[in-house]
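Just so you know, we're using the UniProt record's numbering here: the sequence shown kicks off at 1 and counts up by one.
Just so it is clear, CB atoms sit at the ideal spot from N, CA and C, and this is done for glycine as well.
Just so you know, these numbers come straight off a predicted model, no measurement behind them.
Notes to accompany the following structure.
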Amino acid sequence: MGAITPLGNNVETFWENIKKGKCGIDFIKSFDVSEFKVKIAAEVKDFNPADVMDFKELKRMDRFSQMGIAATIEAVNDAGLNGNENNSRENWGVILGTGIG
1 MGAITPLGNN VETFWENIKK GKCGIDFIKS FDVSEFKVKI AAEVKDFNPA
51 DVMDFKELKR MDRFSQMGIA ATIEAVNDAG LNGNENNSRE NWGVILGTGI
101 G
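Okay, here's the thing in structure tokens:
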């Protein structure tokens, strides 16, 4: 599994915060909300895509794509997949969920 969420930027942190009953909803801090009625959201915090991707890759994708790739990298590593003949990519399955907007 891989996860980039308002409750954690990896599966371990996400799960620990779920077990503690934490809420990922907070006041919006990523942009000025003074002209909007809504002031709260479930924002992903402290996500640094440079931790898992190089700068050249980062420049070519938006933040949501970066989060998806980071979660995918975590999931592939968690599953022990490397594309060798014993775990051919043709046998892989992917489930992706996102909540954009």
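**Prompt:** Taking the C-alpha atoms as reference points, what is the distance between residue 109 and K37?
**Reply:** Lying outside 1 to 101, the shown extent of the chain, residue 109 is not represented and no answer is given.
**Asked** Taking just the CA atoms, how far does D51 sit from D62?
**Response** Walking along the sequence shown from the start, residue 62 turns up at place 62. Walking along the sequence shown from the start, residue 51 turns up at place 51. When rounded, the distance between both Cα atoms is 16 Å.
**Request:** Decide if M67 is buried, meaning its Cβ has at least 16 other Cβ atoms within 10 Å, or exposed.
**Result:** Sequence index remark: in the sequence shown, residue 67 carries index 67 (1-based). Buried, since its Cβ has 16 or more Cβ neighbours within 10 Å.
**Message:** Along the chain, where does the alpha helix (DSSP H) containing T98 start, and where does it finish?
**Reply:** To locate residue 98, count along the sequence shown from 1; it is residue 98. Note, T98: premise wrong, no alpha helix (DSSP H); not H, not E.
**Asked** What residue from S65, R60, G93 has the CA that sits closest to A75's CA?
**Response** One-based indexing of the sequence shown puts residue 75 at position 75. Taking only the C-alpha atoms, the option nearest A75 is G93.
**Asked** Nearest to N9 by alpha carbon, out of M53, D46, M1?
**Response** Locating residue 9 in the sequence shown gives position 9, where the first residue counts as 1. When each option's Cα is compared against that of N9, the closest is D46.
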